[in-house]
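> So that we are looking at the same thing, I have put the structure below in C-alpha cells.
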Amino acid sequence: MMSNVIISTNKLCKTFSNGGLQQHVLKNLDIEIYEGDFTVIMGSSGAGKSTLLYALSGMDKPTLGSIQFLDKNIELLSNDKLAVFRRLNCGFIFQQMFLLDNMSILDNILASGLLMSKNRKILTERAKELFIQVGLDENMWRKFPAQLSGGEAQRAAIVRALINQPKVVFADEPTGALNSAAGKAALDVLTGINNKGQNIIMVTHDLKSARRGNRILYMRDGVIQGICSLGKYVSGDRERHDKLQAFLSEMGW
C-alpha cells in the first residue's frame, strides 16, 4: 500500500533573469513526496537542487506550475499566509547554522518556538527533550554558539528545526561544513527522527549522506533524471551501498 502524498508538484518551473537572459532552473517538474519518507535530492552543481528545495518548502515561489503541500496550493498563498504556513509545517536545517551569537543555545531554540506558542514552560520542556534526543547534555544548553563545536551547533540547529513539531524538515547540505565524525552524528540524528515518523527532504552531494535516504531523486539541468528507492536505512547494508552506487553511476554522477 502506497504512503500518503504530502507534497506534489505539477509542471513546476522556476526561471531567473540575469542581465536580460533567462535561466530555466526548474523545468516542468512533476514530483510526489510521501508520508514518512527520507527523500534525498542529488545532482551536479547547478542542477537545481536547492532551488527545488526552496520551492517545495515555500521559501521561494515558482515561476509556473503548482505545489500542493498538505492539500494547499502554496504558490497561491500571500506572503503573509505563506510565512504562517511555513512556521506551522516546515523546519529548516542549513549548511550554515544561523544561530544568533548573542543568545544561548536554549534561547535560540525558544525564540523560534515562541513564534508559535506563548507557553514558555511547555516549550522549554520540549526543547530539553529534543536536546537529549540529539545528544546535547544540559551543560550545553546555556552555552553560546561560539562555544560549541561545528557538530554540536548543527545538532542545536536540528533541535531548532524540530521545536515547532513541523510536518516536514527541509535540510540543505546539513553536513557540508562538518568533519566526518560530526557529519555522521548529525546524520544519525536525522535518521533517528525519520525512524520515528518525521518527514525529511534533504539536498546533498555527499554519498554517505545520501545513503541515509530511502528515496533518491537525481536532478540534471532542472529535471528529475532518475529515482532510486532504497528502503529504510540499515547501517552496514552493503547491498544498499552497491545499489546507490550503481544508480549514481547510471545517472553520470
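The opening position of the sequence shown corresponds to residue 1 in UniProt numbering, with each subsequent residue numbered one higher. Here a beta-carbon is modelled for each residue, glycine too, at the ideal position from N, C-alpha and C.
1) Counting C-beta neighbours from all protein chains within 10 Å, is the total for A157 16 or more, i.e. buried, or is it exposed?
2) Alpha carbon to alpha carbon, how far is V5 from T39?
3) L207: buried (16+ other C-beta within 10 angstroms of its C-beta) or exposed?
4) Can you tell me whether DSSP reads I224 as helix, strand or coil?
5) Rounded to a whole number of angstroms, what is the C-alpha to C-alpha distance between N194 and M59?
6) Between the alpha carbons of A55 and F85, how many angstroms are there, rounded?
7) When you compare the CB positions of V203 and S50, do they come within less than 7 angstroms of one another, or not?
8) Which same chain residues, not among the five before or five after K128, have their C-beta less than 7 angstroms away from its C-beta?
9) Looking at C-beta atoms only, is the number of pairs between the region 144-151 and the region 67-80 that lie closer than 8 angstroms three or more?
10) If we require 4 or more residues per run, which alpha helix (DSSP H) segments fall completely within the region 18-80?
In brief:
1) The sequence position of residue 157 within the sequence shown is 157, counting from 1. Result: buried.
2) Residue 5 sits at position 5 when you count from the first residue of the sequence shown. Residue 39 sits at position 39 when you count from the first residue of the sequence shown. About 12 angstroms.
3) Locating residue 207 in the sequence shown gives position 207, counting from the first residue. By the neighbour-count rule (16 or more Cβ atoms within 10 Å), L207 is not buried but exposed.
4) Within the sequence shown, residue 224 is the residue found at index 224, counting from 1. DSSP places I224 within a strand segment (E or B) once states are collapsed to three.
5) Taking the sequence shown and counting its residues from 1, one reaches residue 194 at position 194. Taking the sequence shown and counting its residues from 1, one reaches residue 59 at position 59. Each residue's CA atom was taken as its position, placing N194 and M59 some 22 angstroms apart.
6) On the sequence shown, position 55 is the one that residue 55 refers to. On the sequence shown, position 85 is the one that residue 85 refers to. Approximately 13 angstroms, taken between the alpha carbons.
7) Locating residue 203 in the sequence shown gives position 203, counting from the first residue. Locating residue 50 in the sequence shown gives position 50, counting from the first residue. A contact, by the Cβ cut-off of 7 angstroms.
8) Reading the sequence shown from its first residue, position 128 is the one you call residue 128. Cβ within range, chain order: n/a, list empty.
9) no
10) 49-56
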